[in-house]
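Worksheet: one structure, shown below.
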Amino acid sequence: MVRRLSVPVDQRITYISGLGGEIVGRTTCKATIHLNTLESGVTTELDVHCVRTLGLTVPSIKVSPSVVKEWSDLTLTDAHFGDPAPVDLVIGADQLHKLLKPGLIQRNSMMAQLTLAGWALSGRASSNTQQDLHGSCSTLLTNVEPVWHRELLESLQRFWETEEVPHASRSSPDDALCEQIFADHRRDDQGRYIVRLPLRPGSATLLGTSLPSAQASLRSVQR
Numbered sequence: 047m048v049r050r051l052s053v054p055v056d057q058r059i060t061y062i063s064g065l066g067g068e069i070v071g072r073t074t075c076k077a078t079i080h081l082n083t084l085e086s087g088v089t090t091e092l093d094v095h096c097v098r099t100l101g102l103t104v105p106s107i108k109v110s111p112s113v114v115k116e117w118s119d120l121t122l123t124d125a126h127f128g129d130p131a132p133v134d135l136v137i138g139a140d141q142l143h144k145l146l147k148p149g150l151i152q153r154n155s156m157m158a159q160l161t162l163a164g165w166a167l168s169g170r171a172s173s174n175t176q177q178d179l180h181g182s183c184s185t186l187l188t189n190v191e192p193v194w195h196r197e198l199l200e201s202l203q204r205f206w207e208t209e210e211v212p213h214a215s216r217s218s219p220d221d222a223l224c225e226q227i228f229a230d231h232r233r234d235d236q237g238r239y240i241v242r243l244p245l246r247p248g249s250a251t252l253l254g255t256s257l258p259s260a261q262a263s264l265r266s267v268q269r
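For the sequence shown, position 56 (counting from the first letter as 1) is numbered 102 according to our numbering, and the numbering increases by one without interruption.
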């Protein structure tokens, strides 16, 4: 709507929160518009936040002709209120009082509020379709990625990133020798890794005459 009116805008990011305080979108600019009502000749200034699209359609389904005829005696803000149409502007409670005038009419489940632009209708209207039997809910939609969604993706990306393993310095001669022994490995014909036992140089002499007992243990295992 701001583009159609060629209204100058001020680049400013404002976050939009929904039920439960969750961030559901954001606006990228702010503008000031003036509403001129032909009937009253009053000009009302409104500060608005701009989104790509509201995604709202009011009413959600076509209203019954009998309901439209019921309000035909009033000068309405929307003479075609019975036909579904996209919403161009949502006015908040902090700005709505500028447009209201004394006057309230209730008929069945609908109510008419007098405004500077005429009578504005609200409530539940019946229709001639089966869809009227089911409840409907209008929601605010934008093409802007929600902040919580972006933060979630960033958290998942950090979680799955493979961090570089820090280089460990081995100052002990025994550690360096052990690493060298395991680095000098080989694979046999069946693909199995063969690594020498990490023994210090000359440590085999400390085993003494243990060869016969080791051979006896091996033969007992092979039986």
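By construction, the Cβ of each residue, glycine as well, lies at the ideal position given by its N, Cα and C atoms.
If you measure between the beta carbons of residue i and residue j, is that distance less than 8 Å?
i, j, result
"Pro130", "Pro105", "yes"
"Val60", "Arg49", "In the sequence as displayed, the identity of residue 60 is Thr instead of Val. Going by C-beta atoms, Thr60 is not nearer than 8 Å to Arg49."
"Ala77", "Val55", "yes"
"Lys147", "Leu162", "yes"
"Ala158", "Leu120", "yes"
"Gly149", "Leu160", "yes"
"Val94", "Ile79", "yes"
Is residue i buried or exposed, if buried means 16 or more other CB atoms sit within 10 Å of its CB?
i, result
"Leu145", "buried"
"Leu257", "exposed"
"Ala139", "exposed"
"Phe127", "buried"
"Val109", "buried"
"Thr185", "Residue placement at Thr185 cannot be trusted, given a pLDDT of 42 that sits under 50; what the coordinates show is reported in the next sentence. So Thr185 counts as exposed."
"Val267", "exposed"
Judging by CA-CA distance, which residue of the options is the nearest neighbour of residue i?
i, options, result
"Gly164", "Cys224, Phe127 and Thr123", "Thr123"
"Val114", "Gln159, Ala171, Leu162 and Ile227", "Ala171"
"Thr99", "Asp56, Leu142, Asp134 and Leu252", "Asp134"
"Thr90", "Ala158, Phe205 and His143", "His143"
"Ser218", "Asp234, Arg246, Val241 and Leu252", "Arg246"
"Ile62", "Ser52, Val53 and Thr74", "Thr74"
"Glu225", "Val241, Gln236, Gly237 and Asp235", "Val241"
"Ser155", "Gln141, Ile137, Val136 and Glu116", "Glu116"
Kindly indicate the opening and closing residues of the beta strand (DSSP E) around residue i.
i, result
"Arg153", "Leu146 to Arg153"
"Val94", "Thr89 to Cys96"
What are the boundary residues of the alpha helix (DSSP H) that includes residue i?
i, result
"Leu305", "Given a span of 47 to 269 for the chain in the structure shown, any question on residue 305 remains unanswerable."
"Ala163", "Here Ala163 belongs to no alpha helix (DSSP H), and DSSP marks it neither H nor E."
"Ala139", "Ala139 to Leu142"
Secondary structure at residue i, three-state DSSP: helix, strand or coil?
i, result
"Leu51", "helix"
"Gln226", "helix"
"Leu81", "strand"
"Lys108", "coil"
"Gly181", "With a pLDDT of 42 at Gly181, under the threshold of 50, the modelled position of that residue is not reliable, and no figure is offered here."
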